[in-house]
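These notes are about the structure you will find just below.
Residue numbers (our numbering): 4 to 186.
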């Protein structure tokens, strides 16, 4: 597994332009929320008979299952950033649950998903670089974590991590630009 520095630097290397980063603070949450809404429509049920002399039925969604796995991945990468991500994930799941049963929810989710991606691509127009996931699909999971890291950095937390990530990202970007010029 790549380190947090490597993952964030890879993502940041194509997210150095401030306009692009700002668009991501809108686009990424829209996309994540849209996916959460969609995955939240798939519900599983587990019934345990006679546990504590009563029948217990647990309901969970595909969103809960997937985000649980993603949260574990974030914990392995960086515990402090994972704490922020857990708060974000729980909030996202809670709000999505409030919308369950809304008529035409899938269409609303699809609209949010498309709007989020349009905003993302506008940001990459300013960046003059393709999105990170084009070369590495794992970067889909890093996008939200990158934004959480940016929030931590803005608040003055994890300054050493910020310095390492930024330095490595600039190196990666220079190598990417050289590769593009040499084509």
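Virtual Cβ for every residue (Gly too), placed ideally from N, Cα, C.
Item, Value
"Starting from residue 27 and walking both ways along the alpha helix (DSSP H), at which residues does that stretch end?", "21-42"
"Just to confirm my understanding: we take residue 70, look at its own chain, exclude 5 residues before and 5 after, and list those with CB closer than 6 Å. What are they?", "92"
"For the beta strand (DSSP E) containing residue 57, name the first residue and the last one.", "57-64"
"Report back the beta-carbon spacing between residue 84 and residue 77 to the nearest angstrom; my notes put them in contact at under 8 Å.", "7 Å"
"Starting from residue 106, trace the alpha helix (DSSP H) both ways and give me its first and last residue.", "Where residue 106 is concerned, there is no enclosing alpha helix (DSSP H), given that its DSSP letter is neither H nor E."
"Could you check the C-alpha separation between residue 186 and residue 121 for me, to the nearest Å?", "28 Å"
"By the 10 Å Cβ neighbour count, where 16 or more other Cβ atoms means buried, how is residue 132 classified, buried or exposed?", "buried"
"What residue does the alpha helix (DSSP H) around residue 162 start on, and which one ends it?", "162-185"
"What is the rounded straight-line gap between the Cα of residue 154 and the Cα of residue 58?", "44 Å"
"Suppose you measure from the CA of residue 10 to the CA of residue 99; what does that come to, to the nearest Å?", "28 Å"
"Thinking just about the alpha-carbon of each residue, which of 107, 106, 151 and 147 is nearest to the one in residue 119?", "147"
"Take residue 46 as the anchor and find which of 62, 179 and 8 has the nearest alpha-carbon.", "62"
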